[in-house]
Amino acid sequence: MEFLSSCASSSSFSSPHFAFFNLHHQNTLTSRATVKVLQWNSSMVGIGRSTSLSTDGRERIWSCNCEPSRALSLPQLWSCHSYMSSGFDLISLNCRYVFKWRRYPVNFRRIRSSMEKFRQRFSVQVARVMVCVMLVVSVSSTFGDTSWALTEENLLFLEAWRTIDRAYIDKTFNGQSWFRYRENALRNEPMNTREETYTAIKKMLATLDDPFTRFLEPEKFKSLQSGTQGALTGVGLSIGYRTIADGPGGLVVISAAPGGPAERAGISSGDVILAIDDTTTESMGIYDAAERLQGPEGSSVQLTIQSGPSVKRLDLVREKVAINPVKSRICELPGSGDGSSKIGYIKLTSFTQKASGAVKEAIDSLRSNSVNAFVLDLRDNSGGLFPEGVEIAKIWLDKGVIVYICDSRGVRDIYDSDGSNTIAASEPLAVLVNKGTASASEILAGALKDNKRAMLFGEPTYGKGKIQSVFKLSDGSGLAVTVARYETPAHIDIDKVGVIPDSPLPASFPKDGDGFCSCFEDPASVCNINRVQLFSR
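Printed below as a string of structure tokens:
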């Protein structure tokens with residue numbers, strides 16, 4: 001908008017040098033308009049009264065000097081002590097002038113609308129601030145007493161609570177309000193000593209009704225770490241819960257470490273532990289039982305074992321059981337002549353930190369002896385480190401999915417093989433499993449079966465389809481937490497079901513390498529299975 005106006009003398013004011021000019025431009029004002037004084041006196045004084053936008057009705061007096069043809073911006077021209085950004089309905093000047101307005105004018109109605117919206121939004125923000133202040137005051141009044149100040153024991157409890165909150169697979173936390181439990185525990189659970197704090201943490205975990213999520217005191221946490229690194233002091237047993245098919249109560253032996261006290265005493269996979277040192281196992285957790293089985297080297301423990309229909313009491317002496325995860329040997333079939341029927345047998349007993357490297361070494365050693373097929377024995381392998389299971393699967397698989405990691409919302413991660421770590425993808429492969437095959441070994445067996453890389457022989461595996469991660473707390477204790485469940489590449493959830501083999505093994509099939517080879521070498525043996533059957537895929 002642009003227009004020119006001039007002022008003339010008027011008798012509206014007592015001084016004949018004043019003139020008035022009434023702005024008729026629909027309440028518009030250009031806040032940065034350029035005013036050029038074309039005719040001037042040495043000074044000018046004016047009076048403006050805001051009648052349309054100002055609510056106080058006060059008079060504002062402004063003045064400034066001007067020179068011929070000097071361009072002044074509106075704020076400069078109105079550089080009085082109280083310049084108003086709103087327009088005056090009445091402006092009086094003592095000089096003749098022409099206002100030249102440039103640029104697009106601002107609409108006052110839009111300004112007023114914007115100001116109204118700002119006031120509304122400002123009110124909302126003020127209300128929110130007041131609510132926050134009230135909440136802070138409420139919390140302060142609740143915990144303002146010095147008795148509610150967080151102690152070192154409270155902080156350890158909260159550390160455990162946050163670990164479960166972030167990592168646990170079930171975000172309903174077994175159908176309870178996890179935040180409310182935290183507040184109630186801080187108010188009601190005694191945490192004056194470290195033992196009381198440990199008890200409070202165990203009580204919290206018990207509400208999840210998950211036997212695999214448990215608390216580990218510092219010494220037990222160290223023991224768990226040493227077990228995954230390949231050494232453990234105990235009787236050499238891996239145990240699990242009995243299934244409904246096995247019968248009520250008690251704990252079942254998943255596997256006995258080769259050469260350990262339990263194996264030497266005749267305990268084998270499928271036997272039931274009825275009591276440990278006269279304490280019944282009917283309602284005992286597996287980790288409570290594991291703690292009772294472990295102990296100082298040279299100390300003794302008494303087990304009540306049910307093997308088939310018979311029940312026996314055995315006194316075992318604890319010792320340091322070195323866990324060598326891999327054993328291998330060559331089975332040479334009779335009449336092979338040029339050695340074309342040599343089979344490499346690999347027994348994998350656990351998934352420790354060095355298991356994948358040991359498997360690679362075994363493969364290289366067997367290949368140097370001209371084997372052209374492999375048998376991977378996972379019987380009585382109760383699992384171990386999940387990453388090692390994935391790495392060993394990559395050894396045998398060229399490409400393909402190894403395992404799907406799932407939570408309550410579905411698949412959240414996929415582990416697969418891209419062929420970069422593969423060293424044995426072409427030779428025929430057979431895998432042996434039984435009900436002692438559990439956890440990471442089930443992941444490996446399921447991956448090899450579903451990708452049609454190997455035939456599985458034996459019986460359905462244990463069926464532990466949950467994955468636990470171990471978290472260290474600040475005082476050296478730890479938490480084993482169920483963080484996910486897994487599905488095989490064919491999207492089979494094996495929890496409490498197990499991996500189903502392609503074919504059974506003869507009932508008397510041996511579990512050691514020497515016995516395995518004898519079944520091949522002697523065609524008249526009751527356990528004989530020929531090469532064609534074993535590698536029929």
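Going by full-length UniProt numbering, the sequence shown opens with residue 1, and the numbers climb by one from there.
Beta carbons are placed, not taken as given, at the ideal position from N, Cα and C, and that holds for glycine.
Take the alpha-carbon of residue 306 and the one of residue 274: they are about 7 Å apart. In the structure shown, residue 182 falls within a helical segment according to DSSP collapsed to helix, strand and coil. With fewer than three CB-CB distances shorter than 8 Å, the segment 478-485 does not count as touching the segment 455-463. Within the same chain, Cβ atoms closer than 7 Å to the Cβ of residue 210 are found at 482, the five residues on either side in sequence being excluded.
At a Cβ-Cβ threshold of 8 Å, residue 524 and residue 444 do not count as neighbours.
By the Cβ neighbour-count rule, residue 282 is exposed, with fewer than 16 other Cβ atoms within 10 Å of its own.
Distance between residue 178 and residue 172, taken at the CA atoms: about 8 Å.
Residue environment analysis places residue 296 among the exposed positions, since fewer than 16 neighbouring C-beta atoms fall within 10 angstroms of its C-beta.
Taking 8 Å as the cut-off, the Cβ atoms of residue 442 and residue 462 count as close. Of all alpha-carbon atoms in 298, 534, 497, 358, the one lying nearest the alpha-carbon of residue 506 is that of 534. Residue 466 and residue 430 have their C-alpha atoms spaced approximately 25 Å apart. In the structure shown, the three-state DSSP call for residue 365 is helix. DSSP, read as helix, strand or coil, puts residue 384 in strand. Of the candidates 357, 488, 460, the residue whose Cα lies closest to the Cα of residue 423 is 357. In the three-state reduction of the DSSP assignment, residue 187 falls in the helix class. Counting C-beta atoms within 10 angstroms of its own C-beta, residue 279 has fewer than 16 neighbours from the protein chains shown and is therefore classed as exposed. Linking residue 191 to residue 472 through their CA atoms gives a straight-line distance of about 20 Å. Cβ neighbours of residue 377 within its own chain (closer than 6 Å, five residues either side excluded): 347, 432. Exclusion of the five residues before and after residue 182 leaves 158, 161 as the residues of its chain whose Cβ lies within less than 8 Å of its Cβ. Taking all protein chains in view, the Cβ of residue 155 is surrounded by fewer than 16 other Cβ atoms within 10 Å, so the residue is classified as exposed. When only Cα atoms are considered, residue 253 and residue 262 end up about 10 Å apart. Exposed is the label assigned to residue 152, since fewer than 16 other Cβ atoms lie within 10 Å of its Cβ. In the three-state scheme derived from DSSP, where H, G and I count as helix and E and B as strand, residue 416 is classed as strand. Exposure of residue 176 is indicated by the presence of fewer than 16 other C-beta atoms within 10 angstroms of its C-beta.
Exposure of residue 166 is indicated by the presence of fewer than 16 other C-beta atoms within 10 angstroms of its C-beta. Per DSSP, the unbroken beta strand (DSSP E) holding residue 311 starts and ends at 310-317.
Judged by DSSP in its simplified three-state form, residue 353 adopts coil rather than helix or strand.
In this structure, residue 450 sits away from residue 419, with a CB-CB distance that is not shorter than 8 Å. The DSSP assignment places 440-450 as complete runs of the alpha helix (DSSP H) inside the segment 430-490, in order along the chain (cut-off: 4 residues). In the same chain as residue 219, and ignoring 5 residues on each side of it, no C-beta atom comes closer than 7 Å to its own. The three-state reading of DSSP puts residue 281 in coil, since its state is none of H, G, I, E or B. Annotation for residue 536: 455 place their beta carbon closer than 7 Å to its own, counting only its chain and skipping 5 residues before and after.
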